[in-house]
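Protein chains: 2
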Amino acid sequence: MSVEPNIVEIAGLIGEATRARMLTALMAGKALTATELAVEADISSSTASSHLTKLVNGNLLVVRKQGRHKYFQLKGVEVAELLEKLLTISASNKTPTTTGPSDPALRKSRICYDHLAGEFGVTLYDALVGQNLLIDNGSETSLTAKGRLFFQSLGVDFDTLSKSKRPLCKSCLDWSERRNHLAGELGQWMLNDIMKKGWATKQLDSRIIQFTPQGLKRFYQQYDIALA
Amino acid sequence: MSVEPNIVEIAGLIGEATRARMLTALMAGKALTATELAVEADISSSTASSHLTKLVNGNLLVVRKQGRHKYFQLKGVEVAELLEKLLTISASNKTPTTTGPSDPALRKSRICYDHLAGEFGVTLYDALVGQNLLIDNGSETSLTAKGRLFFQSLGVDFDTLSKSKRPLCKSCLDWSERRNHLAGELGQWMLNDIMKKGWATKQLDSRIIQFTPQGLKRFYQQYDIALA
DNA sequence: GTTATACTTCGATGGCTATCAAACTATGCA
DNA sequence: TGCATAGTTTGATAGCCATCGAAGTATAAC
Chain A
1 MSVEPNIVEI
11 AGLIGEATRA
21 RMLTALMAGK
31 ALTATELAVE
41 ADISSSTASS
51 HLTKLVNGNL
61 LVVRKQGRHK
71 YFQLKGVEVA
81 ELLEKLLTIS
91 ASNKTPTTTG
101 PSDPALRKSR
111 ICYDHLAGEF
121 GVTLYDALVG
131 QNLLIDNGSE
141 TSLTAKGRLF
151 FQSLGVDFDT
161 LSKSKRPLCK
171 SCLDWSERRN
181 HLAGELGQWM
191 LNDIMKKGWA
201 TKQLDSRIIQ
211 FTPQGLKRFY
221 QQYDIALA
Chain B
229 MSVEPNIVEI
239 AGLIGEATRA
249 RMLTALMAGK
259 ALTATELAVE
269 ADISSSTASS
279 HLTKLVNGNL
289 LVVRKQGRHK
299 YFQLKGVEVA
309 ELLEKLLTIS
319 ASNKTPTTTG
329 PSDPALRKSR
339 ICYDHLAGEF
349 GVTLYDALVG
359 QNLLIDNGSE
369 TSLTAKGRLF
379 FQSLGVDFDT
389 LSKSKRPLCK
399 SCLDWSERRN
409 HLAGELGQWM
419 LNDIMKKGWA
429 TKQLDSRIIQ
439 FTPQGLKRFY
449 QQYDIALA
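Read top to bottom, the protein sequences are chains A and B. Everything in the first sequence is counted per our numbering, starting at 1 for the first residue and increasing by one. Everything in the second sequence is counted per our numbering, starting at 229 for the first residue and increasing by one.
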């Protein structure tokens, strides 16, 4: 037999329409209950239950029991990254004829597990690079000294962040824009900051990030983004 | 309908045992013919043909016709990276009880599409970091000035390499060792160098890299790797 | 307690698809 | 002109699995 790990199992779990819908729903980072996921995937509760146990057994999801509810969540950043990579690859396979109407709000700004993606995500990334706060040499992304000061002035506590095993900065190829946005600890911090300040709201059961008009203005100000 | 790209199609293609065997066989980087792949996967030529057209249509493989042969190959580095990521994730899911005998040669040194992986791969990586030729700050890997000189002395032409869109250095989490080895252009160059100098041979239809005793010695010398 | 809600288990059904052999096309070789 | 090899197409078969509803368990609310 082969030494290869069970790549088939993992891919097979993702490669089924209903389960994939559940997984992408969970890419919003929020934990969802079994029934919420059943509604999302438009199936009966019994089939949902079946799928969810498979996903948990396959180590793609973790589950937390709370009273009579069961909350499901992606098992760690690794799984989210895998899904992102799949999204990117399959996006590049799209034939031009396939371009349907495709929800514009989702293209504009959405959550990519725990950071900001979509049009706003890449605009932000470009702005940070343009101001020499971030440096992207093609193969890697890192914070400049200037950038470090900038984010400290915004309240980022680098001592806490650096304790994490996760990279601080990480570029993530955006599947809708085909350009980079920022993931990693700092990407997570920025999204958190946006939400905490009330500049945007997360629509329930969706990955769409809805900026308020004022919030968007402040967002542009904070990161010195030129209005198009 | 969803805006999501056809993530299901991609994952579904990989999530079938026979196709997965073909894909992993192609991770050795070499192009294989349809019959070779049929033998590898232990199926009839007709089913192989069916699978291969699906993989090509799904943009996971490219095919090149040469006489009456058809050579199949992974479609670019992206696909190889996706497979590697799947390997890594599914390796971390392995329960300790699953650890079978698991081919030791494959654990020692193998090809990961176009660079060296396995025990030797991570030893090499650690040695380079230890000598300050490579720097790994946890989130990114890059060449130091000293490292640049070192590789130039070995004959690396950085002008040519930098023309590529691919990152020069890139750490890649090894699924057998659970530690980093070096991918990217430089990783490819090093493997090439090893093969060109005849230090090791690639076993046919396998990802195993077989070092000769002399070759291994020279390999250790060149990269100043201490013998354990 | 009783009722409602959340989830699981079971058995039956239906559809999808991997598989093969056999017939077919195409290319190379003698 | 044939024969052999490489790959494809077709039709039939069989196994797998997603799906549902209904019955069963568990937890919460009253």
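The beta-carbon is built from N, C-alpha and C at its ideal position, and this holds for glycine as well.
Check your understanding: Is DSSP giving Gln438(B) helix, strand or coil here?
Key -> strand
What are the residues in the region 13-34 of chain A lying within 8 Å of chain B by C-beta distance? Leu13, Ile14, Gly15, Glu16, Ala17, Ala20, Arg21 and Thr24
| task | Starting from the beta carbon of Ile313(B), find every residue of chain A whose beta carbon is closer than 8 Å, and list them in chain order. | result | Just to set this straight, residue 313(B) is Lys in the shown sequence, not Ile. What Lys313(B) touches in chain A: Glu81, Leu82 and Lys85.
Would you mind telling me which residues of chain A sit closer than 7 Å to Glu264(B), beta carbon to beta carbon, in chain order? In chain order: nothing, as chain A lies at least about 17 Å away.
**Message:** Using a Cβ distance threshold of 8 Å, determine whether the region 42-51 of chain A contacts the region 276-292 of chain B, with at least three qualifying pairs required.
**Reply:** no
Say whether chain A places a C-beta atom closer than 8 Å to the C-beta of Ala345(B). no
* To do: Could you give the DSSP three-state label for Lys398(B): helix, strand or coil?
  => strand
* Considering only C-alpha positions, which residue in the set Leu410(B), Gln438(B) and Glu264(B) is nearest to Glu312(B)? -> Leu410(B)
Query raised in the report: Do the region 356-376 of chain B and the region 332-344 of chain B make contact, defined as three or more Cβ pairs closer than 8 Å?
Result: no
* Asked: With respect to the beta strand (DSSP E) encompassing Ser370(B), which residues constitute its N-terminal and C-terminal limits?
  -> Thr369 to Leu371
Report the three-state DSSP secondary structure of Leu128(A) (helix, strand or coil). Here DSSP, grouped into helix, strand and coil, assigns Leu128(A) to helix.
- Message: Counting only Cβ pairs nearer than 7 Å, list the residues of chain B close to Glu78(A).
- Response: Ile317
Q | Contact list for Val8(A) against chain B, beta-carbon separation under 8 Å | A | Ile242, Gly243, Glu244, Ala245 and Ala248
* To do: Mind listing the chain B neighbours of Ala145(A)? Cutoff is C-beta to C-beta under 7 Å, in chain order.
  => Neighbours of Ala145(A) on chain B: none; closest Cβ ~14 Å, over 7 Å.
TODO: Take Trp189(A) as the anchor and find which of Ile225(A), Asn180(A), Gly155(A) and Arg179(A) has the nearest alpha-carbon.
DONE: Gly155(A)
Checklist line | Per-residue contacts from Ser370(B) into chain A (C-beta, under 9 Å) | finding: What Ser370(B) touches in chain A: Asn137, Ser139, Glu140 and Ser142.
Just the Cα atoms here: how many angstroms apart are Gly349(B) and Ile437(B)? Rounded to the nearest angstrom, the two C-alpha atoms are 11 Å apart.
request  = Reducing DSSP to helix, strand and coil, say where Gln416(B) ends up.
outcome  = Here Gln416(B) sits in helix by DSSP.
* Lys336(B) - containing alpha helix (DSSP H), residue span -> Pro332 to Lys336
Original post:
Shortest alpha-carbon distance to Asn6(A) belongs to which of Gln431(B), Gly243(B), Thr369(B) and Gly415(B)?
Top reply: Gly243(B)
- Task: Output the boundary residues of the beta strand (DSSP E) element that contains Ala200(A).
- Result: Per DSSP, Ala200(A) is one residue of the beta strand (DSSP E) stretching across Ala200 to Lys202.
### Message
Using a Cβ distance threshold of 8 Å, determine whether the region 293-312 of chain B contacts the region 260-267 of chain B, with at least three qualifying pairs required.
### Response
The region 293-312 of chain B is in contact with the region 260-267 of chain B.
Notebook entry, point to check: Run through DSSP, which three-state label would Gly180(A) get?
Noted result: Before going on, a small fix: residue 180(A) reads as Asn here, not Gly. Here Asn180(A) sits in strand by DSSP.
- From what residue to what residue does the alpha helix (DSSP H) around Leu133(A) run? Note, Leu133(A): premise wrong, no alpha helix (DSSP H); not H, not E.
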